[in-house]
Amino acid sequence: MTLGDPSRSFTASWPETPPGADPLPGQLDRWLTSRGAELVAVRRHIHAHPELSGQEFETAAMIARELAVVGLSPRFLPKGNGVICDIGEGDRVVALRADLDALPLPDTKDVPYRSTVEGVCHACGHDVHTTVLLGAGLALAQLAERGELPGRVRLLFQPAEEHFPSGAPEVIAAGGLKDVTSIFALHCAPQLPTGLVGVRSGPLTAAADVVEIRVTGPGGHTARPHMTADLVYALSRAVVEVPSLLARRIDPRAGVSLMFGTLSAGTVANAIPIEGVAKGTVRVLSREAWHDLPELVPALIRDVISGSGAEVDITYTRGVPPVINDRMATAVVAGAAGAALGADRVVEADVSMGGEDFAFYLEQVPGAMIRLGTGIPGSDVPFDIHQSRFDIDERAIGYGIRTMVHTALAALGTGSL
Numbered sequence: 001m002t003l004g005d006p007s008r009s010f011t012a013s014w015p016e017t018p019p020g021a022d023p024l025p026g027q028l029d030r031w032l033t034s035r036g037a038e039l040v041a042v043r044r045h046i047h048a049h050p051e052l053s054g055q056e057f058e059t060a061a062m063i064a065r066e067l068a069v070v071g072l073s074p075r076f077l078p079k080g081n082g083v084i085c086d087i088g089e090g091d092r093v094v095a096l097r098a099d100l101d102a103l104p105l106p107d108t109k110d111v112p113y114r115s116t117v118e119g120v121c122h123a124c125g126h127d128v129h130t131t132v133l134l135g136a137g138l139a140l141a142q143l144a145e146r147g148e149l150p151g152r153v154r155l156l157f158q159p160a161e162e163h164f165p166s167g168a169p170e171v172i173a174a175g176g177l178k179d180v181t182s183i184f185a186l187h188c189a190p191q192l193p194t195g196l197v198g199v200r201s202g203p204l205t206a207a208a209d210v211v212e213i214r215v216t217g218p219g220g221h222t223a224r225p226h227m228t229a230d231l232v233y234a235l236s237r238a239v240v241e242v243p244s245l246l247a248r249r250i251d252p253r254a255g256v257s258l259m260f261g262t263l264s265a266g267t268v269a270n271a272i273p274i275e276g277v278a279k280g281t282v283r284v285l286s287r288e289a290w291h292d293l294p295e296l297v298p299a300l301i302r303d304v305i306s307g308s309g310a311e312v313d314i315t316y317t318r319g320v321p322p323v324i325n326d327r328m329a330t331a332v333v334a335g336a337a338g339a340a341l342g343a344d345r346v347v348e349a350d351v352s353m354g355g356e357d358f359a360f361y362l363e364q365v366p367g368a369m370i371r372l373g374t375g376i377p378g379s380d381v382p383f384d385i386h387q388s389r390f391d392i393d394e395r396a397i398g399y400g401i402r403t404m405v406h407t408a409l410a411a412l413g414t415g416s417l
């Protein structure tokens, strides 16, 4: 690797495979022991030099350099902010994906690898995802060099997961899924102790769309509401009533949610405003229900506001589909994680109503996303994602690499997937 050692020794605490769990006896242990400190240095370098969605040029360049050092042929996405790289040969292709971008949040941790970019921080663990995928790719490249990789593995280092429009469609458009039979990814889960992996068949994350309601009217004095359109009342009704109506128009098993995050209208107490705006997110766990929402939600809003006399303009913006893990792919990754870490370290993952653009890949090919436990033992600080103090137990990197390597090998060996 081209990066230096991290600021503290890591090799001594690098996780070893439970006895009898690893079908590649000793190989990953030896490889991870020899490369572990360098991989932690990679993670810390990325963490200290975060790049926002669409701007991941230096991160992508660093990843490409590391892959090229071991004889691989990475290629950049057209914008230069993402990387695609194949390992091995053969018609059967399994893809592994990681996201590269950081969040527009300050890094408030007191650590040597704290962000050096003001107001930008890897607060969602994408630095970890990237390091795990790089490490898995380097380990798989060594297997390929020995003729021990039974097919082709494609690494997808994707930009702009945190932004809309997101980067997954760009990767797909650049041929990222060409000939791919299955795809896998992981996401940091600080609520899970390090050493555990969470898996779940079916819905894992929700679709996430955005709706904006803009109402207008002539305005007027609050003493004479009958002579104008009460926009505050109209918006308030929509914010309160539409979520309840929506829940009664969609199958409850779809897990639909409409929550408003902003509501603004007027500036003084005794004047009815001429404009008001409410913005919220629409989330659902069902693909079928998601397809109906762009027509249903605006219709319900118009019905609720129609009697108020206000003019209404509704903007419904598609975000990401739900992540629906394929049953067979989930079984493959669960078995691989059990082989890599021990069956007792594989647990059921919780459903999240957050959005994740890995769903775009799953619209094209079967696959699964898993949760990688990153919880810091003994810590009384909540290191949740999307918080400025987010951090991980760096032993999770080793567990993630093991799981991704075994998943790729298992998927290549599963002819029906």
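In my numbering, the protein residues as written are 1 to 417.
C-beta: ideal position from N, C-alpha, C; glycine also.
Here aspartate 344 carries a helix assignment [DSSP, helix/strand/coil]. By the C-beta density criterion, alanine 271 is exposed, having fewer than 16 other C-beta atoms within 10 angstroms. It is roughly 13 Å from the alpha-carbon of threonine 374 to the alpha-carbon of arginine 345.
Annotation: the continuous alpha helix (DSSP H) that includes valine 242 extends over 231–249. The secondary-structure analysis by DSSP pairs histidine 221 across a beta bridge with Ala271. A Cβ-Cβ distance of about 4 Å is found for the pair histidine 129 and alanine 98, placing them in contact under the 8 Å criterion.
Between valine 239 and alanine 223, the alpha-carbon positions lie close to 24 Å from each other. Between the stretch 278–286 and the stretch 196–214, the count of C-beta pairs closer than 8 Å reaches three or more; the two stretches touch.
Glycine 175 and histidine 126 have their C-alpha atoms spaced approximately 22 Å apart. Inter-segment contact for the stretch 301–310 and the stretch 170–190 is absent: fewer than three beta-carbon pairs are separated by less than 8 Å.
For aspartate 86, the three-state secondary structure derived from DSSP is strand. The alpha-carbon of aspartate 384 is positioned some 31 Å away from that of proline 294. Apart from the 5 residues on each side of it in sequence, glutamate 89 sits with its Cβ closer than 7 Å to the Cβ of Arg152 in its chain, given in chain order. Going by DSSP, histidine 187 is part of the beta strand (DSSP E) stretching over 180–193.
Here proline 203 carries a strand assignment [DSSP, helix/strand/coil]. Residues of the same chain with a CB within less than 7 Å of the CB of proline 104, apart from the 5 flanking positions on each side, are Leu52, Gly119, Val120 in chain order. Secondary structure at aspartate 107: coil, using DSSP grouped into helix, strand and coil. If only complete runs of 3 or more residues are kept, the stretch 271–340 shows the beta strand (DSSP E) at 275–284, 311–320, 323–325, in order along the chain.
Out of Gly309, Gly307, Ile314, the CA that lies nearest to the CA of leucine 296 is found in Ile314.
Annotated as proximal: serine 201 and threonine 330, with beta-carbon spacing under 8 Å.
Every unbroken stretch of the beta strand (DSSP E) spanning 3 or more residues and falling wholly within the stretch 131–185 is given here in chain order: 152–158. Taken atom to atom, the span from the alpha-carbon of serine 286 to that of valine 323 is near 9 Å. Here the C-alpha atom of histidine 49 lies approximately 6 Å from the C-alpha atom of serine 115. Serine 34: member of the alpha helix (DSSP H) spanning 27–48, first to last residue. Counting other Cβ atoms within 10 Å of its Cβ, glutamine 158 reaches 16 or more and is therefore classed as buried. The residue among Ala168, Val405, Ala349 with its C-alpha nearest the C-alpha of tryptophan 31 is Val405. The three-state secondary structure of threonine 262, taken from DSSP, is strand. Between the stretch 392–399 and the stretch 185–196 there are three or more C-beta pairs closer than 8 Å, enough to call the two in contact.
Note on geometry: alpha-carbon atoms of valine 171 and alanine 343 lie some 33 Å from one another. Within the same chain, Cβ atoms closer than 6 Å to the Cβ of phenylalanine 164 are found at Gly319, the five residues on either side in sequence being excluded. Taken atom to atom, the span from the alpha-carbon of valine 365 to that of glutamate 38 is near 33 Å.
In terms of CA proximity to glutamate 288, Ala254 leads the group Ala254, Val312, Leu258.
The stretch 65–74 makes contact with the stretch 134–150: 3 or more CB pairs, one atom from each, lie closer than 8 Å. With respect to the 8 Å criterion, leucine 263 and leucine 235 are classified as neighbours on the basis of their beta carbons.
When the beta-carbon positions are compared, arginine 389 and lysine 109 come within less than 8 Å of each other. Measuring C-alpha to C-alpha distances from tyrosine 399 to each of Gly355, Ala336, Ala208 identifies Ala336 as the nearest.
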